[in-house]
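Chemist: In my numbering, the protein residues as written are 243 to 602.
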Ligand code: SAM
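(1) Evaluate residue 268 with the Cβ neighbour count: other Cβ atoms within 10 Å of its Cβ, from every protein chain shown; 16 or more gives buried, anything less gives exposed.
(2) To the nearest angstrom, report how far apart residue 425 and residue 482 are at their CA atoms.
(3) Look at residue 362 and residue 417 and say whether their C-beta atoms are less than 7 Å apart.
(4) Can you tell which of 595, 600 and 536 has its C-alpha closest to the C-alpha of residue 579?
(5) Let me check understanding here. Comparing Cα to Cα, which of 504, 584, 529 and 542 lies closest to residue 273?
(6) Give every residue of the same chain whose Cβ lies closer than 8 Å to the Cβ of residue 467, excluding the five residues on either side of it in the sequence, and list them in chain order.
(7) Alpha carbon to alpha carbon, how far is residue 460 from residue 549? Give it in angstroms, no decimals.
(8) Residues near the ligand SAM, CB to any non-hydrogen atom under 6 Å, in chain order?
(9) Mind listing, in chain order, the continuous beta strand (DSSP E) runs of no fewer than 3 residues lying wholly within the region 487 to 559?
(10) Counting C-beta neighbours from all protein chains within 10 Å, is the total for residue 532 16 or more, i.e. buried, or is it exposed?
(11) Buried or exposed for residue 442, please, with buried defined as at least 16 other CB atoms from any protein chain shown within 10 angstroms of its CB.
(12) Taking three-plus beta-carbon pairs below 8 Å as touching, is the region 327 to 341 in contact with the region 282 to 298?
(13) What are the uninterrupted segments assigned as beta strand (DSSP E) that are 3 or more residues long and contained completely in the region 321 to 379, given in chain order?
(14) Which term fits residue 586, buried or exposed, when burial requires 16 or more other beta carbons within 10 angstroms of its beta carbon?
(15) Hey, how far is the Cα of residue 282 from the Cα of residue 380?
(16) Closest to residue 539 by C-alpha separation, out of 252, 347 and 293, would be which residue?
(17) For a test of the three-state rule: what should DSSP assign to residue 392, helix, strand or coil?
(18) In terms of DSSP beta bridges, what is residue 449 paired with?
(19) Taking the continuous beta strand (DSSP E) assigned at residue 476, which residues delimit it?
(20) Does the region 358 to 373 touch the region 384 to 391, meaning 3 or more C-beta pairs lie closer than 8 Å?
(21) With 16 other CB atoms within 10 Å as the buried threshold, where does residue 526 fall?
(22) Could you spell out the range, first to last residue, of the beta strand (DSSP E) harbouring residue 311?
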């Protein structure tokens, strides 16, 4: 296996069977995967390489993104997500433009240079409303980058928002296997459209992020291999990889959550394959295990996304159960992240942290 990981480092790609054999072998030895250091597991080997590659490309810097979860209304009904429209157990909210700008202001004072507007697919935030929000954020914080993560839109909408000043877009593909996609989403949602959206975002010059949930229901080893091969072909600037976690009011409430170790392995492999990618260590990873986000960093991740949303709404943005940091003020959660990252030898920096392919 180590030879295959060396080959990945050199060639930045592997065949279907090669990828598959890494995952299969890893699963056989999963019990000895942690601790990461001082053992001869596949994860230990891959994470060491990932750390080295990350150090060569980004030093020990960790970029921060201020996450603003600005609406939990959603027109979609993804089987895994707590925001799905059929979930009647949550109180719906949306933040108006003034509150969104106040969240940015608070983040700016703390040193954030990227804001991420994330939400369900809420039709209230139509093209014009979003355009106005984007323009005002860019006008008030001209030295900051703006990332959008609001789902599938038309080429024209993405174009309008790009012209208004949006810099980046996160749209996890969720799975590169069409059949698997149809087990995670209702018939009204289309795999082809999601993939088309990703292509359009890239074409329009967004720094584009795809990604998956590790251990999502019905995900096979082959699905994961297809995901890795898709990423190799698509060459995203960002990749969001976090464990699937069940949410009690969704059809997948009884499904098993994704594994910490496998998420860490995939982060490491993606870092080796895409050395310059921006890879967040996700809140979901920190939810699966205390200190999980630090482990993500030790496996090649280089981004963390503290929450800037107002505290009173956080309990209603529960994509999955037991989400961490729902009660922490942005300032205190940044401070504790800074301390935790310093403890493992990394430094949170207050820069825009653009993709190295997008030097301005
Ligand atoms: N609506 C936008 C979209 O579809 O891209 C952005 C918001 S959506 C809630 C953001 C991401 O949360 C999804 O792409 C999905 O991967 C992740 N997510 C949703 N439910 C989850 C769960 N139960 N466990 C882990 N991640 C989840």
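Every residue gets a Cβ at the ideal spot worked out from N, C-alpha and C, and that includes glycine. Here the structure is a predicted model, which means the values were calculated and not measured.
Modeler: Well, looking at it:
(1) In the chain shown, residue 268 corresponds to position 26, counting from 1. The residue is buried, with at least 16 neighbouring Cβ atoms inside 10 Å.
(2) Walking along the chain shown from the start, residue 425 turns up at place 183. Walking along the chain shown from the start, residue 482 turns up at place 240. Going from the Cα of residue 425 to the Cα of residue 482 covers about 20 Å.
(3) Sequence index remark: in the chain shown, residue 362 carries index 120 (1-based). Sequence index remark: in the chain shown, residue 417 carries index 175 (1-based). Result no, Cβ atoms of residue 362 and residue 417 do not sit closer than 7 Å.
(4) As a working note, residue 579 is residue 337 in the chain shown. Out of 595, 600 and 536, 536 has the C-alpha closest to the C-alpha of residue 579.
(5) Taking the chain shown and counting its residues from 1, one reaches residue 273 at position 31. Answer by Cα proximity: 504.
(6) Locating residue 467 in the chain shown gives position 225, where the first residue counts as 1. 258, 261, 262 and 265, listed in sequence order.
(7) Locating residue 549 in the chain shown gives position 307, where the first residue counts as 1. Locating residue 460 in the chain shown gives position 218, where the first residue counts as 1. When the Cα atoms are used, residue 549 and residue 460 turn out to be separated by approximately 30 Å.
(8) The set, ordered by position in the chain, is 322, 323, 325, 360, 362, 363, 391, 392, 393, 413, 414, 416, 455, 484, 486, 487, 489, 526, 561 and 562.
(9) Within the region 487 to 559, no complete beta strand (DSSP E) run reaches 3 residues.
(10) Reading the chain shown from its first residue, position 290 is the one you call residue 532. Counting Cβ neighbours within 10 Å, residue 532 comes out exposed, since fewer than 16 surround it.
(11) The residue you call residue 442 lines up with position 200 of the chain shown. Buried is the call here.
(12) No: fewer than three Cβ pairs fall under 8 Å.
(13) For secondary structure counted as the beta strand (DSSP E) over 3 or more consecutive residues, the region 321 to 379 holds these complete runs in sequence order: 356 to 361.
(14) As a working note, residue 586 is residue 344 in the chain shown. Classification of residue 586: exposed, given that the 10 Å Cβ count is below 16.
(15) By 1-based counting over the chain shown, the position of residue 282 is 40. By 1-based counting over the chain shown, the position of residue 380 is 138. Straight-line Cα distance between these residues: approximately 48 Å.
(16) For the purposes of this step, residue 539 is taken as the residue at position 297 of the chain shown. Nearest option by C-alpha distance: 293.
(17) Sequence index remark: in the chain shown, residue 392 carries index 150 (1-based). In the structure shown, the three-state DSSP call for residue 392 is coil.
(18) Position 207 of the chain shown, counted from the first residue, corresponds to residue 449. Residue pairing by DSSP places residue 449 opposite 410 in a beta bridge.
(19) Working through the chain shown from its first residue, we reach residue 476 at position 234. Residue 476 -> not in any beta strand (DSSP E); alpha helix (DSSP H) instead, spanning 463 to 476.
(20) Touching, per the Cβ criterion.
(21) Translated into the one-based positions of the chain shown, residue 526 becomes position 284. Buried.
(22) Taking the first residue of the chain shown as position 1, residue 311 is located at position 69. Residue 311 -> beta strand (DSSP E) spans 308 to 313.
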